[in-house]
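Protein sequence lines correspond, in order, to chains A and B. In this text, residue positions in the first sequence follow our numbering: the first is 234, and each later residue adds one. In this text, residue positions in the second sequence follow our numbering: the first is 192, and each later residue adds one. Don't be surprised by glycine CBs; every beta carbon is placed ideally from N, CA and C. Only one structure is covered here, and it is reproduced in the block below.
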Amino acid sequence: VQLQESGPGLVKPSQTLSLTCSVSGGSTTSAAYYWTWIRQRPGEGLECIGYMSYSETTYYNPSLKSRVMMSVDTSKNQFSLKVTSVIAADTAVYYCARLTIQPRGGWFDPWGQGTLVTVSS
Amino acid sequence: QSVLTQPPSVSGAPGQRVTISCTGSSSNIGADYDVHWYQHLPGTAPKLLIYADTNRPSGVPDRFSGSRSGTSASLAITGLQAEDEADYYCQSYDNSLNGHVLFGGGTRLTVL
Numbered sequence: 234v235q236l237q238e239s240g241p242g243l244v245k246p247s248q249t250l251s252l253t254c255s256v257s258g259g260s261t262t263s264a265a266y267y268w269t270w271i272r273q274r275p276g277e278g279l280e281c282i283g284y285m286s287y288s289e290t291t292y293y294n295p296s297l298k299s300r301v302m303m304s305v306d307t308s309k310n311q312f313s314l315k316v317t318s319v320i321a322a323d324t325a326v327y328y329c330a331r332l333t334i335q336p337r338g339g340w341f342d343p344w345g346q347g348t349l350v351t352v353s354s
Numbered sequence: 192q193s194v195l196t197q198p199p200s201v202s203g204a205p206g207q208r209v210t211i212s213c214t215g216s217s218s219n220i221g222a223d224y225d226v227h228w229y230q231h232l233p234g235t236a237p238k239l240l241i242y243a244d245t246n247r248p249s250g251v252p253d254r255f256s257g258s259r260s261g262t263s264a265s266l267a268i269t270g271l272q273a274e275d276e277a278d279y280y281c282q283s284y285d286n287s288l289n290g291h292v293l294f295g296g297g298t299r300l301t302v303l
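Shown next, in the form of structure tokens:
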């Protein structure tokens, strides 16, 4: 399975950041996985933005919940992220990843290569 | 500030053994959630190194091993190699955040 992020590398403040993750070698309709967005701001660690199933059960990081929306397009085998009202602090490398569901908490594998999104006017 | 605490940096000479700790609490590691470890080289995709505390995915050398005890977990790397120089992150879940995903703050491993 391979994942690849795509989307604009530059977004103006107050606008909406939109990214897509294309999945190859596997299906977004698998019930064994959730589809995830993770980011890394400059000089910081990894932060899970949220994850969702193909049936659109979602979980969003409480710190971002009011500005985040995720969706899955099973016909295109893709899933997407939108972050509204972006600010400079949303500048980060954004990764998509597959989350394997486990009773005691799952793991992320594989990951996309990541895409840098800069918020600037 | 991350709820999973890792040392910012560790170092070792080639061939040596290093360990990276991941300290949590009763609401995450202590609540019996699994701990997973990732290796991240700048500019590349993070790589799953250890899953469910002690398991290595196919292709990960047995120089890498994981363990846990109480509210902490550890990653050990033996026979240190130059290519091991990277950032390492632990990951788990937390009851207090409705089971949300947690990452440790990351540890930069320097091979001297």
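Using a Cβ-Cβ distance cut-off of 8 Å, the stretch 268–275 of chain A and the stretch 330–339 of chain A are in contact, since at least three pairs of beta carbons, one from each stretch, lie closer than that value. Spanning the alpha carbons of residue 196(B) and residue 215(B) requires a straight line of approximately 6 Å. Shortest Cα-Cα distance from residue 247(A) to any of 320(A), 287(A) and 342(A) involves 320(A). At a cut-off of 8 Å between beta carbons, residue 274(A) makes no contact with chain B. Burial state of residue 239(B) is buried, judged by a 10 Å Cβ sphere holding 16 or more other Cβ atoms. Residues of the stretch 286–311 of chain A with a Cβ closer than 8 Å to any Cβ of chain B, in chain order: 292, 294 and 295. Among the residues facing chain B, residue 331(A) is not included, as its CB has no counterpart in that chain under 8 Å away. DSSP places residue 253(B) in the coil class of the three-state scheme, outside both helix and strand. Close to residue 204(B), with beta-carbon spacing below 9 Å, lies no residue of chain A; the smallest spacing is near 26 Å. Between residue 279(A) and residue 294(B), the gap from beta carbon to beta carbon is short of 8 Å. Residue 342(A) belongs to the set of residues whose beta carbon lies under 8 Å from a beta carbon in chain B.
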